[in-house]
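Sequence lines, in order, name chains C and E. Here the numbering used here = 1-based position in the first sequence + 422. Here the numbering used here = 1-based position in the second sequence + 100. For every residue, glycine included, the Cβ atom is placed at its ideal position computed from N, Cα and C.
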Amino acid sequence: MIEIEPHHLIRCPHCDAVNINKTKKNRCRRCHSDIYPYSNFNTEKSWAFLVTAMIAYIPANLYPILITNKFGVIEENTIMGGVISLWEHGSYPIALIIFFASMVIPIMKFLILIYLMISVKYPIKKETKTNRYKLYFFTELIGPWSMIDVFVVVLLMALIHLSSIDIFAGTAATAFAISVVFTLFAAHAFDEQLIAGKNPKGEI
Amino acid sequence: MKIENEEDLDNFVICRRCHTLHKVLPLHDGFKACCSECGALLYRFDSRLVEHGLAWSMTALLFFFVANFFPIVQIEVLGNTQFVTIPMMLEALFEQEFYIVGFVCLFIVFLFPLGTFVIYGVLFLLLFFQKGERSIGKLLVLLSHLKPWNMVDIFLVSILVSLVKLIGYAQIHIGTSFWALVLFVLVDIYINKTLHLSEIWILQKVRFKKEIE
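Here's what the structure looks like:
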């Protein structure tokens with residue numbers, strides 16, 4: 423017979439099995455993978471990934487993402503420039519999709535992750551834990567969608583090689599891909615257990 | 101809260117969205133249980149999960165091959181026609197020396213989706229023949245690492261976006277691969293987003309327990 427408190431139970435992120443939080447090093451009883459292997463680093467690992475992503479996001483917006491060679495006239499478009507020109511041409515839904523995927527979602531993800539990591543260190547009493555779990559779930563859900571812009575550029579580049587018009591990807595495509603991949607890493611490295619206020623030293 | 105041993109924890113489930121603890125209740129065939137706090141799906145019960153899963157993963161693999169061998173889209177400008185397939189798209193990236201984007205795309209739209217469904221296929225086959233309990237466990241862990249990186253659905257939306265962008269420039273003919281990709285994404289959403297890996301873990305436990313008895 424084991425007596426346990428419900429808040430000592432944690433979910434294995436790999437197989438969803440319910441485990442008892444043994445506070446030091448947890449090993450899932452079902453799939454034997456370490457639960458929260460980064461907990462020794464606290465949030466540092468996640469911060470490192472996030473900062474990398476944020477740095478990569480700057481050139482992604484400054485350099486052209488799409489270079490069009492139309493009858494010898496070279497036109498360079500940044501992400502925001504592309505959105506604006508799409509809007510001016512009247513394709514509002516596409517302009518909105520690109521705007522959301524490459525501006526709103528990454529920035530929102532940066533802010534939510536920063537908020538989560540700060541709130542883990544300096545808890546705000548008003549905010550419930552359930553809400554923060556939902557917020558984290560939300561960032562994991564929307565995160566990959568910022569890849570849309572990269573895929574579009576890649577497709578256009580592969581498709582359009584004609585005598586009259588030629589499309590190339592710009593430096594920003596690489597920077598943007600790096601930024602998205604690192605935000606995903608940051609979100610994965612974030613230790614959900616920290617939300618519950620169980621810090622890695624095992625003080626609950 | 102009192103439990104007999106650690107195994108008894110299988111009678112509990114924690115919601116993946118809001119981390120509320122729930123007790124597992126037996127369900128009728130084909131029913132599902134949702135979280136009382138946030139409404140997220142907790143688990144389902146499907147008595148023929150192995151057969152269904154096997155069928156779905158075969159279907160997905162079939163569509164995946166069709167999607168990769170045929171052109172996604174063909175364009176026509178002033179008599180010049182040009183088409184693109186997924187391998188061609190990846191090749192173009194490496195030719196133009198976009199290695200980072202090339203590798204990211206190679207993994208996200210080719211290797212990970214293929215890997216996921218090959219693993220699903222092998223898993224359900226092993227479960228069907230009731231063999232290799234250990235390797236099932238290892239494959240399931242591997243699958244849980246692969247799952248978040250599968251972005252075919254996003255790729256499909258990107259194809260649609262680029263098609264709309266092209267409308268002004270050229271005449272567009274949608275290729276076989278596009279429809280195969282649509283079907284693949286539907287299967288992918290059904291399997292990857294609704295089938296929780298915990299269901300397969302439970303299945304593994306049930307299947308191999310019977311054999312011992």
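Legend entry - Contact with chain C by Lys102 of chain E, beta-carbon distance below 7 Å: Interface residue, yes.
Inset, instruction - Measuring only between beta-carbons, confirm whether Glu233 of chain E sits less than 7 Å from chain C. - result: no
Inset, instruction - Compute the distance between the beta-carbons of Pro566 of chain C and Ile254 of chain E, then report whether it is under 7 Å. - result: Yes; because the gap between Cβ atoms is below 7 Å, this pair is in contact.
Legend entry - CB contact check: Val100 of chain E to chain C, cutoff 7 Å: Nothing about residue 100 of chain E can be read from this structure; chain E reaches only from 101 to 313.
Inset, instruction - Could you confirm whether any beta carbon from chain C is found closer than 7 Å to the beta carbon of Ser262 of chain E? - result: yes
Inset, instruction - Have a look at the DSSP bridge pairing and note the partners of Asn180 of chain E. - result: E:Val177
Inset, instruction - Grab the span of the beta strand (DSSP E) containing Val495 of chain C for me, first residue to last. - result: Val495 to Asn499
Inset, instruction - Would you be able to state if there are at least three C-beta pairs under 8 Å between the region 499 to 512 of chain C and the region 601 to 614 of chain C? - result: no
Inset, instruction - Answer yes if the region 174 to 190 of chain E comes into contact with the region 136 to 151 of chain E, meaning at least three C-beta pairs across the two stretches below 8 Å, and no otherwise. - result: no
Inset, instruction - Quick one: using the 10 Å Cβ neighbour count with 16 as the cut-off for buried, is Gly153 of chain E buried or exposed? - result: buried
Inset, instruction - Give the residues of chain E in contact with Ala580 of chain C, contact being defined as C-beta atoms less than 7 Å apart. - result: Val184, Met188, Met189 and Ala192
Legend entry - Cut-off 8 Å between Cβ atoms - residues of its own chain near Gly494 of chain C, not counting five sequence neighbours on either side: none
Inset, instruction - Please name the residue, chosen from C:Val572, C:Ser586 and C:Leu584, that lies closest to Ile600 of chain C on a Cα-to-Cα basis. - result: When C:Val572, C:Ser586 and C:Leu584 are compared, the shortest CA-CA separation from Ile600 of chain C is found for C:Val572.
Legend entry - Beta carbon proximity, Leu54 of chain E to chain C, threshold 7 Å: The question about residue 54 of chain E has no answer here: the residues shown for chain E are numbered 101 through 313.
Legend entry - Bounding residues of the alpha helix (DSSP H) (the contiguous stretch that carries Lys265 of chain E): Note, Lys265 of chain E: alpha helix (DSSP H), Val252 to Leu266.
Legend entry - Inside the region 149 to 212 of chain E only - alpha helix (DSSP H) runs reaching at least 4 residues: If we require 4 residues or more, the alpha helix (DSSP H) runs fully inside the region 149 to 212 of chain E come out as 149 to 169, 186 to 195 and 199 to 205.
Inset, instruction - Measure the Cβ-Cβ separation of Thr465 of chain C and Met539 of chain C and say whether it is below 7 Å. - result: yes
Inset, instruction - Check whether the region 237 to 248 of chain E touches the region 296 to 303 of chain E, counting contact only when three or more Cβ pairs, one atom from each stretch, lie closer than 8 Å. - result: Result yes; three or more Cβ-Cβ pairs closer than 8 Å.
Legend entry - Per-residue contacts from Val166 of chain E into chain A (C-beta, under 8 Å): Annotation note: the requested chain A is absent from the structure, which comprises protein chains C and E.
Inset, instruction - Can you give me, in chain order, the residues of the region 105 to 138 of chain E that have a beta carbon less than 9 Å from any beta carbon in chain C? - result: Asn105, Glu106, Glu107, Asp108, Leu109, Asp110, Asn111, Phe112, Val113, Ile114, Cys115, Arg116, Arg117, Cys118, His119, Thr120, Leu121, Glu137 and Cys138
Legend entry - Helix, strand or coil at His429 of chain C [DSSP, three-state]: Reduced to three states, the DSSP call for His429 of chain C is helix.
Legend entry - Distance between Leu223 of chain E and Phe338 of chain E (C-alpha atoms, nearest Å): In this structure chain E extends from 101 to 313, so residue 338 of chain E is not present and cannot be described.
Inset, instruction - Put Ile487 of chain C into one of helix, strand or coil per three-state DSSP. - result: coil
Inset, instruction - Report the residue from C:Ile589, C:Ile516, C:Ile426 and C:Ser468 whose alpha carbon sits nearest the alpha carbon of Phe612 of chain C. - result: C:Ser468
Inset, instruction - Take Asp129 of chain E and list the residues in its own chain whose beta-carbon comes closer than 8 Å to its own, dropping the five residues that flank it on each side. - result: Phe145, Asp146 and Ser147
Inset, instruction - Tell me, please, whether the CB atom of Leu227 of chain E is closer than 7 Å to any CB atom in chain C? - result: no
Legend entry - Residue burial classification, Ile289 of chain E (beta-carbon count within 10 angstroms, cutoff 16): exposed
Legend entry - contact_flag[the region 268 to 275 of chain E, the region 150 to 168 of chain E] where n(CB pairs < 8 Å) is 3 or more: no
Legend entry - is_contact[Ser258 of chain E, chain C] using C-beta, thresh 7 Å: yes
Inset, instruction - With DSSP collapsed to three states, give me the class of Ile626 of chain C. - result: Low per-residue confidence applies at Ile626 of chain C: pLDDT is 37, beneath 50, and the placement is therefore not dependable enough to give any value.
Legend entry - Pairwise C-alpha distance: Val113 of chain E and Leu121 of chain E: 6 Å
Legend entry - Proximity to Leu584 of chain C [Cα-Cα], best of C:Ala470, C:Tyr558 and C:Lys492: When only C-alpha atoms are compared, the closest one is C:Lys492.
Inset, instruction - Would you be able to state if there are at least three C-beta pairs under 8 Å between the region 585 to 594 of chain C and the region 443 to 458 of chain C? - result: Touching, no, given that fewer than three Cβ pairs across the two stretches are closer than 8 Å.
Inset, instruction - Specify, as a first and last residue, the run of the beta strand (DSSP E) that Glu132 of chain E falls within. - result: Reading off the sequence shown, one finds Lys at residue 132 of chain E, where the question assumed Glu. In the DSSP assignment, Lys132 of chain E falls within the unbroken beta strand (DSSP E) covering Lys132 to Cys134.
Legend entry - Whole-angstrom C-beta distance between Ile534 of chain C and Leu557 of chain C, which should lie under 8 Å: About 6 Å separates the beta carbons of Leu557 of chain C and Ile534 of chain C, which is inside the 8 Å limit, making them a contact pair.
Legend entry - Closest by C-alpha distance to Leu297 of chain E, when choosing among E:Thr216, E:Thr276, E:Leu125 and E:Val264: E:Thr216
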